[in-house]
Amino acid sequence: MTTAHLAAPLIPRIALLGNPVQAQGKISPDGKWLSWLAPKEGVMNIWVAPSADPHAGKPITNAAERPIRQHFWAPDSSGVLYIQDKGGDENFLLYRIDVASGAETLLTPSKTPSSS
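Residue numbering for the sequence shown follows my numbering, beginning at 1470 and increasing consecutively.
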């Protein structure tokens, strides 16, 4: 046998490096909601759906330039917490988005204090 017969086909780059279709599936603490990360217009955003109707999922965030990489349910299931940086500066900020209203709140300071 030659090495040509033993070589495995190459894995497409998009399969290794592209965005997943869905990631980080989570169930709210009260069991009423599902959440996951999925692309919205090519950028990873948070989607939610009632646990009784997973196909009714909709995005609750509007990240357009930088992907949302992690999210967590608030203990009372009323909102989702997530971290995101601005423009790739790697200074991650913590946000909360209310599931019912869609209101977004920045929970951490947006600027680091200057050192003396």
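Every residue gets a Cβ at the ideal spot worked out from N, C-alpha and C, and that includes glycine.
Legend entry - Residue nearest to P1431 in terms of C-alpha spacing, selected from P1528, D1554, A1521 and P1519: Residue 1431 lies beyond the residue range present for the chain, which begins at 1470 and ends at 1585; the question has no answer from this structure.
Inset, instruction - List the residues that DSSP assigns as beta-bridge partners of V1549. - result: Position 80 of the sequence shown, counted from the start, is the residue given in the question as residue 1549. In the DSSP output, where bridge partners are listed per residue, V1549 has W1542 and I1566.
Legend entry - As assigned by DSSP and simplified to three states, the class of A1521: Here residue 1521 corresponds to residue number 52 of the sequence shown, with the count starting at 1. Reduced to three states, the DSSP call for A1521 is coil.
Legend entry - CB of N1514 within 8 angstroms of CB of A1507, strictly: Mapped onto the sequence shown, residue 1514 falls at position 45. Mapped onto the sequence shown, residue 1507 falls at position 38. Taking 8 angstroms as the cut-off, the beta carbon of N1514 is found closer than this to the beta carbon of A1507.
Inset, instruction - Pull up the distance between the alpha-carbon of N1531 and that of A1476, whole angstroms please. - result: Sequence index remark: in the sequence shown, residue 1531 carries index 62 (1-based). Sequence index remark: in the sequence shown, residue 1476 carries index 7 (1-based). Straight-line measurement puts the Cα of A1476 at about 43 angstroms from the Cα of N1531.
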